[in-house]
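**Q** In this note's numbering, the protein residues as written are 1 to 114.
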Amino acid sequence: MADDDELPIVAAYMVARGRVAATPYNRTATVYGRPGDLAAVYGLDPAHLRVLDIVNVRPSAVAEIAALMNVPVVAVRVLLDELVDRRLVAVSGPDGPPPSPAILSRALAGLRTI
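#1: Here's a check: name, in chain order, each residue in its chain whose Cβ is nearer than 7 Å to the Cβ of H118, leaving out the five neighbours to either side.
#2: Exposed or buried, what is T30 when buried is set at 16 or more other beta-carbons lying within 10 Å of its beta-carbon?
#3: Taking the alpha helix (DSSP H) that V62 falls in, what are its first and last residues?
#4: Taking the Cβ atom as the reference point for each residue, do Y25 and R77 lie within a distance shorter than 8 Å?
#5: Given that a residue counts as buried once 16 or more other Cβ atoms are within 10 Å of its Cβ, and exposed if not, what is G33?
#6: Just to check my reading of the structure: M69 and R50 have Cβ atoms closer than 8 Å, yes? What is that Cβ distance to the nearest angstrom?
#7: Taking the continuous alpha helix (DSSP H) assigned at S92, which residues delimit it?
#8: Would you mind stating whether R27 and V62 have Cβ atoms separated by less than 8 Å?
#9: Kindly indicate which three-state DSSP category G36 falls into: helix, strand or coil?
#10: What number of angstroms, rounded off, separates the C-alpha of V71 from the C-alpha of D53?
#11: Identify which residue in A66, D37, S92 and P59 has its Cα closest to the Cα of L108.
#12: Closest by CA to D37, which one among G110, V89 and V74?
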């Protein structure tokens, strides 16, 4: 059916609420959760919170986040732009700045627990 074929596009539009990402994060760029102010989380959509749930467990690639959320990469890019603006995540890799020393220390501490 034609309606079933359009469902992924509609779902992506709903997740992104019609917004377009300003930063074209590479699919392989790594997203890190950042310890942040709880007030910065106020007013976020469930999709934003899902991204935070994913990257606060472990750093994840943009494409991996999209796959876990079952949405297109373009929708994740929109969510990431907003989370970066609120300083709740950091993106590093081909199209993002390198992670801060605090994030690297947190990642190293996590690796040491393994």
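Quick reminder that beta carbons are idealized off the backbone N, C-alpha and C, glycines included.
This structure is a prediction, so every number in the text was calculated from the model and none was measured.
**A** On the basis of the supplied data:
#1: Look at the range of the chain in this structure, 1 to 114, and you will see that residue 118 is not part of it.
#2: For the purposes of this step, residue 30 is taken as the residue at position 30 of the sequence shown. In the assembly as shown, T30 is a buried residue. Its beta-carbon has 16 or more other beta-carbons within 10 Å.
#3: By 1-based counting over the sequence shown, the position of residue 62 is 62. Residues V62 to M69.
#4: As a working note, residue 25 is residue 25 in the sequence shown. As a working note, residue 77 is residue 77 in the sequence shown. Contact: yes.
#5: Locating residue 33 in the sequence shown gives position 33, where the first residue counts as 1. Buried, since its Cβ has 16 or more Cβ neighbours within 10 Å.
#6: Position 69 of the sequence shown, counted from the start, is the residue given in the question as residue 69. Position 50 of the sequence shown, counted from the start, is the residue given in the question as residue 50. 6 Å between Cβ atoms; contact.
#7: Position 92 of the sequence shown, counted from the start, is the residue given in the question as residue 92. It is not in any alpha helix (DSSP H) - S92 instead sits in the beta strand (DSSP E) that spans V89 to S92.
#8: Residue numbering aside, residue 27 sits at position 27 when the sequence shown is read from its first letter. Residue numbering aside, residue 62 sits at position 62 when the sequence shown is read from its first letter. A contact, by the Cβ cut-off of 8 Å.
#9: As a working note, residue 36 is residue 36 in the sequence shown. Annotated three-state conformation of G36 is coil, per DSSP.
#10: For the purposes of this step, residue 71 is taken as the residue at position 71 of the sequence shown. For the purposes of this step, residue 53 is taken as the residue at position 53 of the sequence shown. Each residue's alpha carbon lies about 16 Å from the other.
#11: If you number the sequence shown from 1, residue 108 lands on position 108. Considering only alpha carbons, the answer is P59.
#12: As a first step, residue 37 is located in the sequence shown; it is residue number 37 there, counting from the start. Proximity to D37 across G110, V89 and V74 peaks at V89, based on C-alpha coordinates.
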